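**Student:**
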């Protein structure tokens, strides 16, 4: 009987050790994967930001930066079939804009200095443009987002279908903030500015 109890206790201890090892492996698998990547940065810790898959702002406390090795351009996370033309290193932009279409999750991203025109075609006056193609309800130069003393503003550029900020049509320059909803054309986008 004593031998049976000792064997059962030994089996239980062995099962607990195996369970603990499996749980440790599961919890540390992602961190080991990141640490094994050559372009992992131990000195850059992310706290907060935009989840690139959902477009939602949330805290990502203690997540480490995982970027492109030996690249002189800013790292931009994109889904397949998305294209970003990085600015040349000599023409570094001060700001960026990310528009996330609410129904499909499609993302549009651009860098700019003082202001950016959002529209279906490139800006006529040569300004930086965030082009949203294939939506005939967006005007060629639909609206403009600008930064003044750290505050971002949006204004409609006489578009045919107007610009709506948080479900309200804008008629003059208005303040725009991260997470605001912007409707241009037939789609609504969540806005992220930096």
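Residue numbers (the numbering used here): 83 to 276. Ideal Cβ placement from N, Cα and C applies to all residues, glycine included. Predicted model only: the values in this text are computed from it and were never measured.
By a C-beta neighbour count over all protein chains shown, 10 Å radius and 16 as the cutoff for buried, is residue 192 buried or exposed?
**Tutor:** buried
**Student:** Quick one: which unbroken alpha helix (DSSP H) runs of 4-plus residues sit fully inside the segment 173-215? Chain order, please.
**Tutor:** none
**Student:** What does the Cβ neighbour count give for residue 223, buried or exposed, with the cut at 16 atoms within 10 Å?
**Tutor:** With at least 16 other beta carbons inside 10 angstroms of its own, residue 223 counts as buried.
**Student:** With burial defined as no fewer than 16 other Cβ atoms inside 10 Å of the residue's Cβ, what is the status of residue 88: buried or exposed?
**Tutor:** exposed
**Student:** Out of 105, 184 and 239, state which residue places its alpha-carbon closest to the alpha-carbon of residue 248.
**Tutor:** 184
**Student:** Suppose contacts are defined by Cβ-Cβ distances below 8 Å. Is residue 228 in contact with residue 201 by that definition?
**Tutor:** No, Cβ-Cβ distance for residue 228 and residue 201 is not below 8 Å.
**Student:** Looking at the structure shown, is residue 93 part of a helix, part of a strand, or coil, going by DSSP?
**Tutor:** helix
**Student:** Starting from the Cα of residue 241, find the closest Cα among 263, 84, 218 and 271 and give me that residue.
**Tutor:** 218
**Student:** Report the partner residues of residue 247 according to the DSSP bridge assignment.
**Tutor:** Beta-bridge pairing links residue 247 to 250 and 264.
**Student:** Please state the DSSP three-state secondary structure of residue 100.
**Tutor:** helix
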